[in-house]
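Numbering (the working numbering), first residue to last: 1 to 199.
Ideal Cβ positions, reconstructed from N, Cα and C, are used throughout, including at glycine.
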């Protein structure tokens with residue numbers, strides 16, 4: 001079957017009896033179809049150059065790998081462990097979105113990460129209640145401080161993670177780290193806040 005050229009198609013269309021009012025619309029349609037046919041990639045996806053080749057390793061260089069019966073089980077266990085960690089983190093984040101949950105998460109993290117006990121938690125609770133009432137959305141429009149720990153500037157929390165605007169656990173982790181590095185303990189930070197109005 002012979003392919004028709006654009007000129008032959010145009011001649012055939014010109015021979016049709018079409019009114020003067022519909023002729024421009026027909027030519028616009030034909031022009032659009034020709035443009036689409038030339039501008040779009042083929043139906044098989046992107047066109048690759050004809051010189052594309054795959055370089056496969058020689059058989060002598062390849063190694064025969066055999067899977068033992070325990071590998072799929074180990075892989076499954078590993079995936080399940082990763083899913084459990086992600087589920088635990090997600091649960092912790094959702095719990096910390098309300099005040100009571102944020103307090104529980106902070107108490108747990110400070111005990112695990114810094115070995116701070118109940119006395120330090122009492123100071124931390126007073127400090128962050130004064131600063132933000134444990135609200136991860138708290139924002140001081142005058143100073144620009146943000147979050148549970150009222151980080152100033154708030155972008156400092158990116159040291160922990162970039163999700164600091166929406167993740168209360170990130171804010172808690174940053175606040176505990178800040179207190180540890182700057183004051184050593186929450187009670188020392190609370191003393192500074194009581195004496196100076198900020199920490």
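**Asked** Going by Cα to Cα distance, which pick from 108, 100, 129 is closest to residue 198?
**Response** Within the chain shown, residue 198 is the residue found at index 198, counting from 1. Closest by alpha carbon: 129.
**Prompt:** If you draw a straight line from the C-alpha of residue 33 to the C-alpha of residue 147, how long is it?
**Reply:** For this step, residue 33 is matched to residue 33 along the chain shown. For this step, residue 147 is matched to residue 147 along the chain shown. Roughly 56 Å between the two C-alpha positions.
**Asked** Three-state secondary structure (DSSP) at residue 139?
**Response** As a first step, residue 139 must be located in the chain shown, where it is residue number 139. Residue 139 falls in the strand class under three-state DSSP.
**Request:** Determine the extent of the alpha helix (DSSP H) in which residue 156 is found, giving its start and end residues.
**Result:** As a working note, residue 156 is residue 156 in the chain shown. That residue, residue 156, is in no alpha helix (DSSP H); it is neither H nor E in DSSP.
**Prompt:** How would you label residue 157, buried or exposed, when you count the other beta carbons within 10 angstroms and need 16 or more for buried?
**Reply:** The residue you call residue 157 lines up with position 157 of the chain shown. Residue 157 comes out buried.
**Message:** With three or more beta-carbon pairs closer than 8 Å as the criterion, would you say the segment 185-197 touches the segment 150-164?
**Reply:** no
**Request:** Please report how far the alpha carbon of residue 85 lies from the alpha carbon of residue 119, in whole angstroms.
**Result:** The residue you call residue 85 lines up with position 85 of the chain shown. The residue you call residue 119 lines up with position 119 of the chain shown. Roughly 30 Å separates the two Cα atoms.
**Asked** Going by DSSP, which residues form a beta bridge with residue 10?
**Response** Along the chain shown, one-based indexing puts residue 10 at 10. Paired residues: none, contrary to the question.
**Message:** With three or more beta-carbon pairs closer than 8 Å as the criterion, would you say the segment 133-145 touches the segment 109-117?
**Reply:** no
**Message:** Below 8 Å on the Cβ atoms is my contact criterion, and I expect residue 101 with residue 95 to pass it. Report the Cβ-Cβ distance as a whole number of Å.
**Reply:** Here residue 101 corresponds to residue number 101 of the chain shown, with the count starting at 1. Here residue 95 corresponds to residue number 95 of the chain shown, with the count starting at 1. Residue 101 to residue 95, Cβ: 4 Å. Contact.
**Request:** Could you work out which residue in 166, 108, 195 is closest to residue 176 when comparing CA atoms only?
**Result:** Reading the chain shown from its first residue, position 176 is the one you call residue 176. Here the closest residue by C-alpha is 108.
**Item:** For residue 100, the three-state DSSP class (helix, strand or coil)
**Value:** In the chain shown, residue 100 corresponds to position 100, counting from 1. The answer is helix: DSSP assigns residue 100 an H, G or I state.
**Asked** Given residue 151, which residues of its chain have a CB within under 7 Å of its CB, disregarding the five upstream and five downstream residues?
**Response** Here residue 151 refers to the residue found at position 151 when the chain shown is read from its first residue. Counting only Cβ-Cβ distances below 7 Å, and skipping sequence neighbours, we find 145, 157, 174.
**Message:** Just to confirm, is the Cβ distance from residue 155 to residue 92 under 7 Å?
**Reply:** For the purposes of this step, residue 155 is identified with residue 155 of the chain shown, where counting begins at 1. For the purposes of this step, residue 92 is identified with residue 92 of the chain shown, where counting begins at 1. No, Cβ-Cβ distance for residue 155 and residue 92 is not below 7 Å.
**Request:** Taking residue 171 as part of the alpha helix (DSSP H), name the residues at either end of that continuous run.
**Result:** On the chain shown, residue 171 is found 171 positions in, with the first residue counted as 1. That run of the alpha helix (DSSP H) goes 168-183.
**Prompt:** Which class does residue 15 belong to by DSSP, given the choice of helix, strand or coil?
**Reply:** Numbered from 1 along the chain shown, position 15 holds the residue referred to as residue 15. Residue state, collapsed to three classes: helix.
**Asked** Where does residue 105 land, buried or exposed, given buried means 16+ other C-beta within 10 angstroms?
**Response** Residue mapping note: residue 105 aligns to position 105 of the chain shown, counting from 1. Buried is the call here.
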